[in-house]
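According to the UniProt record's numbering, the sequence shown is numbered sequentially starting from 1.
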Amino acid sequence: MFFAKTLVALIASATIAVANPVSRQASNSTTCFFIMTPTPDLGPDGLQTDINYAIGHTLGEHYPNTILEDDNAPLFRHNDGTYDVESVISVQGQAPGDVGNYVESWAGTTIDGIVAEWAVDAADCVWQ
1 MFFAKTLVAL IASATIAVAN PVSRQASNST TCFFIMTPTP DLGPDGLQTD INYAIGHTLG
61 EHYPNTILED DNAPLFRHND GTYDVESVIS VQGQAPGDVG NYVESWAGTT IDGIVAEWAV
121 DAADCVWQ
């Protein structure tokens with residue numbers, strides 16, 4: 001009987017504890033849209049991990065010793081070899097506008113992935 005009541009209490013408290021996930025990120029993030037050209041072009045499936053690394057690593061170099069998140073949508077390849085990349089980025093302790101302005105400065109540069117170099121043809125970020 002004691003065990004059953006304890007179990008019910010634990011389940012109820014765990015349910016309440018996880019009822020509101022990721023609200024911090026939603027209020028402290030910027031969404032960035034890129035047009036990028038990878039070299040070599042391994043196709044969307046082969047490059048997904050690479051772009052995740054490229055964006056995360058580039059952010060980590062600029063914001064060392066901080067917690068950051070970058071969630072990237074699946075890549076979309078155009079016939080001309082360019083890719084649409086969408087990333088939701090948050091950096092602990094940084095204003096979304098500051099992060100967005102930094103990321104927009106990548107336009108016209110190249111960021112390094114694991115196997116590909118990504119020419120950033122365009123970068124545009126939005127935040128609240």
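Note that beta-carbon positions come from the ideal geometry of N, C-alpha and C, so glycine has one too.
Check	Outcome
Compare the C-alpha of Thr37 against each of Gly108, Val99, Cys125, Val91 and name the closest.	Gly108
Report the residue from Gln48, Ser29, Phe33, Asn28 whose alpha carbon sits nearest the alpha carbon of Cys117.	Contrary to the premise, residue 117 reads as Glu rather than Cys in this sequence. Out of Gln48, Ser29, Phe33, Asn28, Gln48 has the C-alpha closest to the C-alpha of Glu117.
Residues in the same chain with beta-carbon distance under 6 Å from Ser23, minus the five sequence neighbours each way, listed in chain order, please.	Bear in mind that a pLDDT of 37 at Ser23, under 50, signals an unreliable position, so the number given afterwards is only what the model happens to contain. So no residue of the chain qualifies.
With a CB to CB cut of under 7 Å and the five nearest residues on each side skipped, what residues in its chain are close to Val91?	Leu59, Tyr63, Thr66, Leu68, Val99
With distances taken between CB atoms, is the gap from Ile35 to Ala122 smaller than 8 Å?	yes
What residues in its chain sit with their C-beta under 6 Å from that of Ile114, if we drop five residues either side in the sequence?	Asp50, Tyr53
Is Asp50 helix, strand or coil by DSSP?	helix
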